[in-house]
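These notes concern the structure reproduced below.
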Amino acid sequence: MNKIKRLFLLFATFILLAGVVYAVEQRINKLATVSEKSPKKIYALIIEKRCLTGNQVELFTTASGADLQWQKDRVDITGEKASTYRPTTSGVYRLVNATETSDEITLNFDVPTASFTQNSSGNACGTETVTFTNTSTNGETYLWEFGDGQISTDKNPVHEFNALLGAGIQEFKVTLTVTSARCQSSMPFEQVVKIKQRPDAKFDDFESATPFTNCQSSSDVFNLKLTNSSSTRSINTKYEIDWGDGTTRVETSDWTSLTHSYTSSKYYDLTVKVTANNGCESIFRQKVYNGSNPKIESGNPGNTQSCGPVTYTFPINGTEGNPPGTIYTVSYNDGSPDEIYNTAPTSISHTFTKSSCGATTPNGAQNAFYVRITASNPCGSSTITVEPIRISMQPIASMVLRSSVACVGSTVDVTNDSQSGGFISGTSCSSSTRQNWVITPST
């Protein structure tokens, strides 16, 4: 019986070893298959192209070594083993050595020709944006010259043309020069873009101390004398004037100066449209102001010494007579941005969220904030300032634990990250604090 058991164990061991050998062979075969399928690692050389004088192209590399070999269409070029090579025929070029292969550069030695189309209308006034479509052949780089001092190297550029003032047609000669991959330039191709000139819409007020502004509080009437200063007056055919106050528009063919009376204190939008004999138009727009410097008053809400954060409301009065267009600017010295209003607010509310310790007001009050409200228009400005506003802030207790989990008997690092705040008594500021650490439970 023992002999049979020994034979059985020997047979089982043999079967186990055969299985292990088979598994190892399969693993080796799998690795060999993956290795065969993996691409060979290639270290690419770097080759570049440059243009030399005489429309000569040169390929070059910064690599060095005795085993460099230039190829055309993946065939060795006899005797070309230097770091530079000057090709003379079309083809795909690369550089190889014993272990590396460069990227390929394709060169076309066909002669380049330049041509393009463009979509200018020929009837635009003053300004036109033109799209150019490149129809050149055998080009690699492009140089556009637009006839106005601007250039582009885009293949299909978009360009805005701006004609000078006048009554004629301004011509812009657009030139395209194409350079091929072998550094040969084409004959320039030219087209003309034509833009009609606009008339000069320039008008002046030479009578007022500040042009187009009347700040004489003794009279509500502003007699504006408008002078025609157009440099194209000789070819201007029509003027359309809108005084901006609802009165009848003026249409005339020529004039030297015109006088118009504004009878209310406010802003007016003056508009003059000029038409030249080529049909082009230009528009002059100007704000006209009749009035005086604005008025503004504000009340102090009182009790402007408090603990923050705190919100104060400041009433604003005396703006009833200010004309439309007066700008109201509210500024603070607590780091808040200015607030700008186009109409007079009845009050301003502001929340102070930091201590005024270290701040100074325009009148020299220490450790204090202020609120300044300015009303302004072309005739000047009026300003009111509410100060001093003294704000104390409570300290904020804070700490940082390096770790919130610790073992019994170990040391825990705790960092005090508190903010000291600031307390103001009278005009003095104190940032000192008392700190009391409490650990619960204590053991």
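Counting with this note's numbering, you get residues 1012 to 1454 for the letters of the sequence shown. Ideal Cβ placement from N, Cα and C applies to all residues, glycine included. Since the model is a prediction, treat every value here as computed from it, not as a measurement.
Practice item. Could you check if Asn-1333 is buried or exposed, using at least 16 other CB atoms within 10 Å of its CB as the buried criterion? Key: buried
Check your understanding: Per DSSP, what kind of secondary structure is Ser-1293 in: helix, strand or coil?
Key -> strand
Exercise for review: Ignore the nearest five residues each way along the sequence and tell me which others in Lys-1092's own chain have a CB closer than 7 Å to its CB.
Suggested key: Here Lys-1092 has Leu-1079 and Gln-1080 as same chain residues with Cβ atoms under 7 Å from its own Cβ, once five neighbours each way along the sequence are excluded.
Point to revise | Ser-1049, buried or exposed, once every other Cβ within 10 Å from all chains shown has been counted against 16 | key: For Ser-1049, the predicted model reports a pLDDT of 44, less than 50, meaning its position is unreliable; a value from the coordinates is still stated below. Around the beta carbon of Ser-1049, fewer than 16 other beta carbons lie within 10 angstroms, which makes this residue exposed.
Exercise for review: Compare the Cα-Cα distances from Leu-1239 to each of Phe-1217, Thr-1362 and Ser-1147 and report the closest residue.
Suggested key: Looking at the sequence shown, residue 1239 is not Leu but Asn. Ranking Phe-1217, Thr-1362 and Ser-1147 by Cα distance to Asn-1239 puts Phe-1217 first.
Exercise for review: Express the C-alpha separation of Ser-1293 and Tyr-1250 in angstroms, rounding to a whole number.
Suggested key: 10 Å
Point to revise | Whole-Å CB distance - Cys-1390 paired with Gly-1257, under 8 Å assumed | key: About 23 Å; that fails the 8 Å criterion.
**Study point:** Collapsed DSSP secondary structure at Ile-1246 in the structure displayed
**Key:** helix
Review point. Out of curiosity, what's the CA-to-CA distance linking Gln-1129 and Leu-1154?
Key: 16 Å
Practice item. Starting from Val-1341, follow the beta strand (DSSP E) in both directions and report where the run begins and ends. Key: 1338-1343
Practice item. Taking all protein chains shown into account, decide if Glu-1308 is buried (16 or more other Cβ within 10 angstroms of its Cβ) or exposed. Key: exposed
Point to revise | Inter-residue Cα distance where the pair is Ile-1400 and Thr-1315 | key: 5 Å
Review point. Which partner residues does Trp-1155 have in the DSSP bridge list?
Key: For Trp-1155, the beta-bridge partners assigned by DSSP are Ser-1163 and Leu-1187.
**Study point:** Where the beta strand (DSSP E) containing Asp-1280 begins and where it ends
**Key:** 1277-1287
Point to revise | Cβ separation of Ile-1435 and Ser-1403, assumed to be a contact under 8 Å, to the nearest whole Å | key: 5 Å
Check your understanding: Which residue spans inside the region 1118-1149 form an unbroken beta strand (DSSP E) run of at least 3?
Key -> 1127-1129 and 1138-1145
Check your understanding: By Cβ distance below 6 Å, which residues in the same chain neighbour Ile-1351 in space, the five residues on each side in sequence not counted?
Key -> Counting only Cβ-Cβ distances below 6 Å, and skipping sequence neighbours, we find Thr-1340.
Check your understanding: Counting pairs of beta carbons, one from the region 1141-1155 and one from the region 1179-1193, are three or more of them closer than 8 Å?
Key -> yes
Point to revise | N- and C-terminal bounds of the beta strand (DSSP E) containing Ala-1174 | key: It is not in any beta strand (DSSP E) - Ala-1174 carries neither H nor E in the DSSP assignment.
Exercise for review: List the residues that DSSP assigns as beta-bridge partners of Gly-1375.
Suggested key: Its beta-bridge partners do not exist; DSSP assigns none.
Exercise for review: Measure how close the beta-carbons of Ser-1126 and Phe-1200 come, nearest whole angstrom, since I'm counting them as under 8 Å.
Suggested key: 5 Å
Point to revise | Own chain partners of Ala-1174 with C-beta closer than 6 Å, once the 5 adjacent residues on each side are dropped | key: Gly-1137, Gln-1181, Ile-1206 and Gln-1208
Exercise for review: Could you please give the first and the last residue of the uninterrupted beta strand (DSSP E) stretch that includes Glu-1111?
Suggested key: Element bounds for Glu-1111: n/a, residue is neither H nor E.
Review point. So which of Phe-1223, Lys-1298, Phe-1214 and Ser-1367 has the shortest CA-CA distance to Ser-1268?
Key: Checked all of Phe-1223, Lys-1298, Phe-1214 and Ser-1367; the closest Cα to Ser-1268 is Phe-1214.
Exercise for review: Taking all protein chains shown into account, decide if Pro-1123 is buried (16 or more other Cβ within 10 angstroms of its Cβ) or exposed.
Suggested key: buried
Review point. In the structure shown, what three-state DSSP assignment does Asn-1239 receive?
Key: strand
Exercise for review: Decide if Trp-1254 is buried, meaning its Cβ has at least 16 other Cβ atoms within 10 Å, or exposed.
Suggested key: buried
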